[in-house]
Structure formats: C-alpha cells, structure tokens
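Q: Residue 731 in the numbering used here sits at position 718 of the sequence shown; the count goes up by one each step and never skips. Glycine included, each C-beta is placed from N, C-alpha and C at the ideal position. Everything numeric in this text was worked out from a predicted model, so none of it was measured.
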Amino acid sequence: MVDVFPSDPTPYQFGEKLLEAVNTAASTVATLHVAFMALSAYLAVTVWSTTHLDLLKESPVRLPLIDVQVDLVSFYTVAPWLYCLVHLNLLIQLNLLARKVWALAKADDYPRLVERLHVFPFAHYLLHQTHPWLRPLLAVAVFASVIGVPLLLLLYVQIKFLAYHSEAVTWAQRLAVWTDVALVVWLWPLIASRSGHFLDGFRPEACKIGITAPWLSTLCACGLALVSGGGALVALVPATVPEPSAEAADGAVVLVDAEGFEAMLVRFVDRIGACRLLARESGKAASIPRQQLDRCKDIAAWRGSGVLGPTLWPTAWLFDPPVQELTQAGASAAPLIPRRYLDLHDEVLLQEQPSAETRHALSKDIPGAVNGADNASAERVAPVTERLSDTLRKVVPLKLQQRDLRGARLERAVLPLVDLNRAKLQGASLIEAQLQGASLLGAQLQGASLDWAHLQGARLLGAHLQGASLLGAHLQGARLEDAQLQGARLDWAHLQGARLDVAQLQGASLLGAHLQGASLDGAQLQGASLIEAQLQGASLSGAHLQGASLDRAQLQGADVEYAAIDDALLAGVALNGSQGTLSSAVNSLLIEPDWTPLTTTQVGELSAAVRPYLQDAEYARFEARLQWAMKPDGGRFQAAKEKAGCHGPQRLGCTESEDWLPLLVEWTCAASRSAPVRDSMIDSIAPVFGDAELPPVAGTLSVSALVQALLDAKGQQRCPSFTDKDVERLREVAKRNQSKPQAGSKAP
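#1: Helix, strand or coil for residue 8? Go by DSSP, reduced to three states.
#2: Going by other Cβ atoms of all chains shown within 10 Å of its Cβ, with 16 needed for buried, is residue 559 buried or exposed?
#3: State the start and end residues of the unbroken alpha helix (DSSP H) segment that holds residue 640.
#4: Within this structure, are the beta carbons of residue 571 and residue 591 separated by less than 8 Å?
#5: Could you check where the alpha helix (DSSP H) with residue 353 kicks off and where it finishes?
#6: Can you look up residue 684 in the DSSP assignment and give me helix, strand or coil?
#7: Using three-state DSSP, classify residue 577 as helix, strand or coil.
#8: From which residue to which residue does the beta strand (DSSP E) around residue 194 run?
#9: What residue range is occupied by the uninterrupted beta strand (DSSP E) comprising residue 82?
#10: If residue 353 sits next to residue 176, beta carbons under 8 Å apart, how far is it from one beta carbon to the other, in whole angstroms?
#11: In whole angstroms, what is the alpha-carbon distance linking residue 586 and residue 499?
#12: Does the Cβ of residue 427 have 16 or more other Cβ atoms within 10 Å, making it buried, or fewer, making it exposed?
#13: Which whole-angstrom value describes the C-beta separation of residue 609 and residue 589, a residue pair presumed to lie in contact below a C-beta threshold of 8 Å?
#14: Is the Cβ-Cβ distance between residue 495 and residue 523 less than 8 Å?
#15: When you compare the segment 162-182 with the segment 227-244, are there three or more beta-carbon pairs, one atom per stretch, that lie closer than 8 Å?
#16: Of the residues 351, 446, 424 and 451, which one's Cα is nearest the Cα of residue 436?
#17: Using the Cα positions of residue 62 and residue 622, report the straight-line distance between them to the nearest angstrom.
#18: Just curious, the beta strand (DSSP E) that residue 252 is in, first and last residue?
#19: Would you grab the beta carbon distance between residue 453 and residue 473 for me? Rounded to a whole angstrom, and I think it's under 8 Å.
#20: Between which two residues does the alpha helix (DSSP H) containing residue 623 stretch?
#21: Answer with buried or exposed for residue 424, where buried requires no fewer than 16 other C-beta atoms within 10 angstroms of its C-beta.
#22: Whose C-alpha, out of 404, 201 and 288, is nearest the C-alpha of residue 103?
#23: Who does residue 494 pair with in a DSSP beta bridge?
#24: Using only alpha-carbon positions, find the residue among 439, 125, 433 and 92 that is nearest to residue 468.
#25: Please name the residue in 309, 65 and 251 whose C-alpha comes closest to that of residue 284.
#26: Is the beta carbon of residue 458 less than 8 Å from the beta carbon of residue 438?
#27: For residue 416, is the classification buried or exposed, using 16 other Cβ atoms within 10 angstroms of its Cβ as the cut-off for buried?
#28: Taking the alpha carbon of residue 551 as the point to measure from, which residue in 579, 39, 187 and 512 has its own alpha carbon closest?
#29: Does DSSP put residue 461 in a helix, in a strand, or in coil?
#30: Find out if the Cβ-Cβ distance for the pair residue 42, residue 151 is shorter than 8 Å.
#31: Where does residue 502 land, buried or exposed, given buried means 16+ other C-beta within 10 angstroms?
#32: Tell me, please, which residues DSSP counts as bridged to residue 324.
#33: Closest to residue 360 by C-alpha separation, out of 272, 445 and 199, would be which residue?
#34: If we ignore side chains and look at the alpha-carbon of each, how far apart do residue 215 and residue 229 end up?
#35: Which same chain residues, not among the five before or five after residue 363, have their C-beta less than 7 Å away from its C-beta?
#36: So, for residue 485: in the same chain, excluding its five sequence neighbours on each side, which residues have a beta-carbon less than 7 Å away from its beta-carbon?
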C-alpha cells in the first residue's frame with residue numbers, strides 16, 4: 014500500500030492535515046455546543062416554570078417535550094450537578110480544539126488555509142480572522158454561551174429554590190455553582206492561551222492584542238465567576254431558631270442562637286466588627302429577636318432590612334421584600350429576582366382544584382357573610398355556619414406537616430382544613446387568610462400576622478404564637494389549649510366558645526376581645542390586658558390573672574373558681590352572676606363594679622353567637638351561667654379571707670378601717686407592673702380616681718397624698734420600676750391637683 018503523504022511531509026501537506034483535524038474536531042464540538050445550548054434552554058424553561066405554588070405543594074417537575082415527571086427536591090438537587098458535568102465536558106472539548114486551532118495558526122500556509130476553516134464560531138474567535146465589525150458579536154456569542162449562561166443559570170437554579178427553605182439542597186446547589194466557577198477559572202485560561210499554559214491566558218503578549226482578544230475574555234470570565242460565586246454565597250436560607258425565645262422572670266428576653274449558614278455568617282461579621290455588611294431586622298420580625306449580637310447590636314450603619322432577623326445586606330437587598338411591600342396587603346408585581354419567601358397571597362391553596370362555585374364561596378361569599386354575622390342574631394349566624402360546613406366537605410386540603418414556611422406571604426389565601434402540624438411559620442403573613450378547621454398543632458407562629466384571619470374551629474394546641482398579631486381574628490370554637498401566646502395581640506378577636514385552657518397568655522393584649530363562653534381554665538394571664546373584654550359566661554377556673562387589667566370587662570356569669578387576681582385592676586367591671594371563690598386576690602383593686610343583670614335580649618344574642626361552637630354539655634353549662642347573670646342579685650365571686658388582703662370594697666373582704674395608702678403605693682410601685690400600666694397610673698391618676706380625690710372606697714385619701722406617698726417610696730428605694738421620667742410626671746400630677754378641693758367621704 015502506498016502512503017498518500019511522504020514520510021517527510023512538506024509544510025503544505027502538514028497544513029492540510031492540521032486543517033482537516035481542526036475541521037473534524039470543530040464539527041464534533043459544534044454539535045456538542047448546540048446540544049449544550051439546548052440543554053441550557055431546557056433547564057432554564059423548566060426552572061422558570063416552577064412557581065411558588067409548586068414549591069408549596071412539592072409538585073413534581075414536568076420535563077418539557079418528553080413529558081416526564083421528576084420529584085421536585087430530587088430535580089433541584091441533581092440537575093445542577095448534571096449540568097455542571099456537561100459543561101465540564103464542553104470545556105474539555107473546547108480546550109482540545111483550541112490546541113489544534115493554535116497549531117494551525119503556526120502553519121506556514123495558514124493565511125491560505127484559514128479560508129477553508131469550519132464555520133464553528135469558536136475557532137474563528139480564537140484566530141481573530143473575522144471582519145472587525147463581527148468580532149465583538151462573535152466574542153459576545155462565545156463568551157455568553159460558554160461562560161455567562163452556565164454560571165448565571167446555575168445561580169438562578171439556586172435562587173429559584175430558596176423559597177423552599179432547604180439548607181441541604183441549597184448547599185448542594187451552592188457547591189455546584191462554586192464547582193463550575195472553579196472549572197471556568199481553571200480551564201478558560203488554558204483555552205485562551207496559545208502556549209497552553211495557565212498564566213499565558215492572562216497575558217496580552219501571549220496572543221493577538223485586540224479589544225476582543227481571548228485574554229480579555231479570561232479576565233471577564235474571572236470577574237463573572239467572582240460575581241456568580243459571591244451570589245451563591247449570599248443566596249441564603251433564613252436562619253432557624255431551634256426553640257422559641259423565652260422570657261426570664263424579670264421579663265427580659267432570653268435569646269437562643271439561630272442555626273444555619275446565615276446565622277454563622279452573621280456571627281462571623283459581628284465578631285470581626287464589619288457591621289456595614291449587616292442588615293437589621295424589619296417589621297414585626299424585630300419583636301421576636303432571633304440572634305444575639307455583640308459588637309453590631311446598636312450600629313446605625315446597618316443597610317437594608319431582613320425579614321427574619323439580621324442578615325447580610327446583599328441578601329436583604331436582593332432576596333428579601335422591602336418593608337413597604339411587607340406592610341401592603343395588595344398584590345405586587347413579580348420581582349425580577351425571586352424572593353426567598355413564598356408569596357401566594359390571594360391564592361386558593363387546595364390539594365385538588367375545586368369547582369368554580371366552591372372557589373367563589375371560599376374566597377368571597379363565606380368570608381363576607383362571616384364578617385357580617387360576627388355579632389348578629391341567630392337567624393344570620395346559623396345559615397353562615399351551615400353553609401361553611403357544607404362547603405368544607407367538598408374540598409381536599411393540603412398536607413403541609415413540618416414544612417418550613419417562614420416569612421411566607423399568604424394574605425387572603427384560602428387554606429381551609431389545611432394540615433400545618435409542627436410547621437414553621439415564624440414571621441409569616443396570614444392576614445385575612447381562610448384557615449377554617451385548620452390543624453396547627455405545635456406550629457411555630459412567633460411574630461406571625463394573622464389579623465382578621467378566619468380560624469373558626471382551628472386546632473392550635475401547643476402552637477407557638479409568641480408576639481403574634483391576631484387583631485380581629487375569627488377564632489370561634491378554636492382549640493388553643495397549652496398554646497404559647499405570650500405578648501400576642503388578640504385585640505377585638507372573636508373567640509366565642511374557644512378553648513384556651515392552660516394557654517400561656519402572659520402580657521398578651523385582649524382589648525375588646527369576644528370571649529363569650531370561652532374556656533380559660535388554668536390559663537396564664539399574668540399582666541395581660543383584658544380591657545373591655547367580653548367574658549360573659551366564660552370559664553376562668555384556676556386562671557392566673559395576677560397583674561392583669563380588666564377595666565370595664567364583662568364578666569357576667571363567668572366562673573372564676575380558684576382564680577388568682579393578685580395586683581389586678583378591675584375598674585368598672587361587670588360582675589353580676591359571676592361565681593366562684595378566688596384562690597388569691599392580694600392587692601387587687603376593684604373599683605365601682607357594675608352589678609347590672611343581663612337582659613333577655615342580651616342572653617339571646619350571646620347564646621346565638623356561642624351555640625355553633627360548643628358541645629351540648631358545654632352549652633348547657635354556659636346557659637346556666639347566663640341564667641344566673643340575669644337575676645338582679647345573681648351572685649358575685651368571693652375572696653378567701655386568709656388570702657384576700659385588701660383589694661376592694663366590703664363586698665370582697667376589705668373593711669372600713671383599712672388603710673388604702675400603703676396598698677395603693679405597693680400596687681403602683683410593684684416591680685411586676687408593666688410600663689403601660691405604670692404610665693396609666695401616673696399620667697391618669699386623676700381621671701381614674703376622681704379629679705380631686707379617690708373614690709369613696711379610699712376614704713379621704715386625695716390624689717396629692719397618693720402622689721406624695723409614691724414620691725416618698727421612690728426616694729426610699731421601694732419603687733425599683735420607677736424612672737426619673739416617672740418622678741417628673743408624678744410631680745406634674747401633684748401640681749395640677751394642688752388647687753383642687755378634697756372630699757372626705759368614708760368607705761361604707
């Protein structure tokens with residue numbers, strides 16, 4: 014067989030063989046490059062089509078074209094690594110092709126052979142032989158398809174999945190981004206270098222100089238790699254708190270260090286004092302501290318705001334919604350960069366799509382009817398309750414046990430009968446959400462917003478609601494036994510027939526709350542505000558109400574057997590028909606109670622509001638208590654003599670000869686008094702106890718005398734909770750009352 018080429022080929026023959034090798038390799042790599050771009054587009058479309066609803070329901074990812082479903086978590090864990098592997102193969106093939114192209118450039122007949130070079134843009138980009146006007150476009154096409162798109166796409170996959178709040182999956186994605194960054198920084202300088210040496214890829218003298226020369230693309234690749242790697246670093250899953258924040262005996266907050274990569278970064282930044290890298294907590298999240306800081310605790314230079322605790326300011330700026338967005342209940346446009354918190358406001362969230370009629374009833378008709386029937390007659394309440402029950406029987410609820418939904422935006426979302434047992438919902442916004450019959454056993458709802466939410470019949474046993482806001486929430490018939498509601502706001506909440514036995518409500522605000530027929534047996538209500546609360550027929554047996562404020566509360570027919578009301582304030586409280594012997598009432602103040610009996614109309618309205626939420630036996634006891642409250646002298650609770658102390662007029666054990674001045678001083682100076690109560694006692698002494706004097710129950714004690722006694726107690730170190738500002742306010746009150754006459758009526 015005769016060789017086609019002589020053993021010692023001429024330069025012309027050598028150039029022809031190089032050209033053939035380059036064209037063959039370019040054809041192969043061009044096919045691989047097109048396939049890689051198709052894969053990039055395929056992955057981008059698949060990830061882009063994933064919605065927050067898919068993340069919530071863990072819907073399988075449906076791959077386009079082949080119509081195959083893949084588990085959501087598995088896809089987002091494995092897909093980045095498979096893509097990174099394909100990208101590695103492309104970079105290796107480009108490097109091998111680059112070696113052949115640079116060898117062709119050294120051939121003697123290179124100017125003649127280059128005209129027959131394969132059309133693959135990458136080869137022409139390296140040789141720099143295209144028209145000057147096409148060179149920038151060629152550089153952009155090569156750089157974007159080989160470096161830019163892969164790096165940014167992997168970062169986008171990580172950001173898109175942040176709202177799922179999986180630290181493990183996010184770390185897998187972050188490592189995939191960093192691995193791809195390392196591959197680009199390692200292999201691209203070798204590709205751009207004529208010699209094949211790494212450092213030569215950065216030197217202008219090692220290749221043809223020009224504004225679109227390969228060595229400049231190396232610098233751009235390193236810059237983009239730095240941005241992508243940094244983006245993967247700050248794309249953080251919110252830090253978690255293993256246990257709810259507790260309170261010490263003196264009321265101070267005990268912070269539990271947060272866990273997770275974000276918490277580690279925040280602690281590291283705090284340790285080195287680089288406080289300008291941090292962002293503060295924002296909105297209601299700030300009321301539930303999540304991390305103890307040292308050097309950066311009070312630095313005013315923090316930038317941005319984090320939703321769930323302090324974070325890096327790039328994280329807050331890129332992935333957390335702004336404060337104004339958190340405070341707006343209306344719909345907002347989809348952000349350019351995906352948020353790291355689920356946003357499903359105004360959505361109907363059921364396992365299976367309901368009919369149009371059921372959807373409309375859940376989202377429009379029933380909420381409107383419930384709002385109109387809160388204080389309506391039985392004729393209006395019963396149909397709404399029946400219609401709600403019929404509608405709920407037609408839905409298939411979501412199962413979201415133990416899911417991480419922290420910071421989620423679920424305003425006006427429809428989630429009836431949803432299973433959220435032990436779910437993490439700290440800082441979530443559920444304003445006006447439809448959660449009828451939902452199960453939230455042991456759910457973490459610290460700092461969450463549930464204002465005007467519909468939670469009729471919901472089960473929140475053992476739920477953690479510290480610092481949560483439930484203003485006007487509909488909780489009729491809800492189960493809140495052993496719920497943690499310290500510092501929660503339940504003002505004007507509808508809790509008719511609800512069960513709050515052994516609930517922790519220390520410092521909670523229940524201003525004007527509707528608690529008719531509710532059960533608060535053994536509830537911890539120390540320091541709570543129950544001003545104007547509606548407690549007709551409620552059961553407070555064994556409740557702890559030390560230091561609570563019950564001004565103008567309606568306690569007709571309430572059962573207060575063994576309740577403790579030490580240091581409590583009961584001014585203008587309605588007590589007719591209240592039954593039971595208090596376990597303790599030391600230093601409590603009962604001022605001008607209202608003994609007016611309930612009318613038949615009032616009892617009928619109360620029964621209609623409570624009947625749908627009580628079992629037959631419970632309702633019978635409720636009715637019996639209301640019957641007592643209808644009698645002119647239906648009864649009044651008593652105080653155990655040996656534990657009573659002086660806490661009110663004769664009807665609760667105080668005698669005419671008792672000295673009220675030491676009592677009032679001790680009560681007002683008590684360390685257990687909260688700041689609002691103390692401020693009320695100081696700033697409003699005259700309106701509370703009479704413009705010129707205290708009421709008859711206090712004998713001849715004047716406001717000026719009480720103020721002077723308080724000032725003396727402050728000077729004797731017996732008022733540890735009083736500040737210098739309090740003293741100034743006391744002096745102002747004394748000055749205002751100096752010229753007012755004093756009466757001298759005695760206690761009856």
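A: The relevant details are as follows:
#1: The shown model of the chain, from 14 to 761, leaves out residue 8, and the question about it has no answer.
#2: As a working mapping, residue 559 is identified with position 546 in the sequence shown. Residue 559 counts as buried, since at least 16 other C-beta atoms from the protein chains shown sit within 10 angstroms of its C-beta.
#3: The sequence position of residue 640 within the sequence shown is 627, counting from 1. Segment 629-643, the alpha helix (DSSP H) holding residue 640.
#4: Numbered from its first residue, the sequence shown carries residue 571 at position 558. Numbered from its first residue, the sequence shown carries residue 591 at position 578. Contact flag set, yes.
#5: Mapped onto the sequence shown, residue 353 falls at position 340. Element bounds for residue 353: n/a, residue is neither H nor E.
#6: As a first step, residue 684 is located in the sequence shown; it is residue number 671 there, counting from the start. A caution first: residue 684 carries a pLDDT of 42, below 50, which makes its placement in the model too unreliable to give a value.
#7: Position 564 of the sequence shown, counted from the start, is the residue given in the question as residue 577. Reduced to three states, the DSSP call for residue 577 is strand.
#8: The residue labelled residue 194 in the question sits at position 181 within the sequence shown. Counting along the chain, residue 194 falls outside any beta strand (DSSP E), though it belongs to the alpha helix (DSSP H) covering 180-205.
#9: Position 69 of the sequence shown, counted from the first residue, corresponds to residue 82. Element bounds for residue 82: 81-83.
#10: Here residue 353 refers to the residue found at position 340 of the sequence shown. Here residue 176 refers to the residue found at position 163 of the sequence shown. Rounded, the Cβ-Cβ distance is 6 Å, consistent with contact.
#11: Locating residue 586 in the sequence shown gives position 573, where the first residue counts as 1. Locating residue 499 in the sequence shown gives position 486, where the first residue counts as 1. Answer to the nearest angstrom: the Cα atoms are 24 Å apart.
#12: Within the sequence shown, residue 427 is the residue found at index 414, counting from 1. Looking at its Cβ environment, which holds 16 or more other Cβ atoms inside 10 Å, residue 427 is buried.
#13: Here the question's residue 609 lines up with position 596 in the sequence shown. Here the question's residue 589 lines up with position 576 in the sequence shown. Going by Cβ atoms, the distance from residue 609 to residue 589 rounds to 6 Å, so yes, they are a contact pair.
#14: Here residue 495 corresponds to residue number 482 of the sequence shown, with the count starting at 1. Here residue 523 corresponds to residue number 510 of the sequence shown, with the count starting at 1. No.
#15: yes
#16: Within the sequence shown, residue 436 is the residue found at index 423, counting from 1. Nearest option by C-alpha distance: 451.
#17: By 1-based counting over the sequence shown, the position of residue 62 is 49. By 1-based counting over the sequence shown, the position of residue 622 is 609. Note on geometry: alpha-carbon atoms of residue 62 and residue 622 lie some 46 Å from one another.
#18: Sequence index remark: in the sequence shown, residue 252 carries index 239 (1-based). That residue, residue 252, is in no beta strand (DSSP E); it is neither H nor E in DSSP.
#19: Here residue 453 refers to the residue found at position 440 of the sequence shown. Here residue 473 refers to the residue found at position 460 of the sequence shown. Rounded to the nearest angstrom, the Cβ distance from residue 453 to residue 473 is 5 Å, consistent with a contact under 8 Å.
#20: Within the sequence shown, the letter at position 610 stands for residue 623. Per DSSP, residue 623 belongs to the alpha helix (DSSP H) from 613-623.
#21: What you label residue 424 is simply residue 411 of the sequence shown in a count that begins at 1. In summary, residue 424 is buried, with 16 or more beta-carbon neighbours lying within 10 Å of its beta-carbon over all protein chains present.
#22: Sequence index remark: in the sequence shown, residue 103 carries index 90 (1-based). The residue with the shortest Cα to Cα distance from residue 103 is 201.
#23: Locating residue 494 in the sequence shown gives position 481, where the first residue counts as 1. Paired residues: none, contrary to the question.
#24: Position 455 of the sequence shown, counted from the first residue, corresponds to residue 468. The residue with the shortest Cα to Cα distance from residue 468 is 433.
#25: Here residue 284 is taken as the residue at index 271 of the sequence shown, counted from 1. Comparing Cα-Cα distances from residue 284 to each of 309, 65 and 251, the minimum goes to 309.
#26: As a position in the sequence shown, residue 458 is number 445, starting the count at 1. As a position in the sequence shown, residue 438 is number 425, starting the count at 1. Taking 8 Å as the Cβ cut-off, residue 458 and residue 438 qualify as a contacting pair.
#27: Within the sequence shown, the letter at position 403 stands for residue 416. So residue 416 ends up on the buried side.
#28: Taking the first residue of the sequence shown as 1, we reach residue 551 at position 538. With respect to the C-alpha of residue 551, the residue from 579, 39, 187 and 512 having the closest C-alpha is 512.
#29: Within the sequence shown, the letter at position 448 stands for residue 461. It is coil, neither helix nor strand.
#30: Walking along the sequence shown from the start, residue 42 turns up at place 29. Walking along the sequence shown from the start, residue 151 turns up at place 138. Contact: no.
#31: Within the sequence shown, the letter at position 489 stands for residue 502. Under a 10 Å Cβ-count criterion, residue 502 is classified as buried, with 16 or more other Cβ atoms of the shown protein chains found around its own Cβ.
#32: Counted from its first residue, the sequence shown places residue 324 at position 311. Residue 324 is bridged by DSSP to 292.
#33: Within the sequence shown, the letter at position 347 stands for residue 360. If we check each option's Cα against that of residue 360, 445 comes out closest.
#34: Numbered from its first residue, the sequence shown carries residue 215 at position 202. Numbered from its first residue, the sequence shown carries residue 229 at position 216. Taking the straight line from one Cα to the other gives about 8 Å.
#35: Numbered from 1 along the sequence shown, position 350 holds the residue referred to as residue 363. Around residue 363: 408, 409, 410 and 411.
#36: Position 472 of the sequence shown, counting from 1, holds the residue named residue 485. Excluding positions up to five away in sequence, the list reads 464, 465, 505 and 506.
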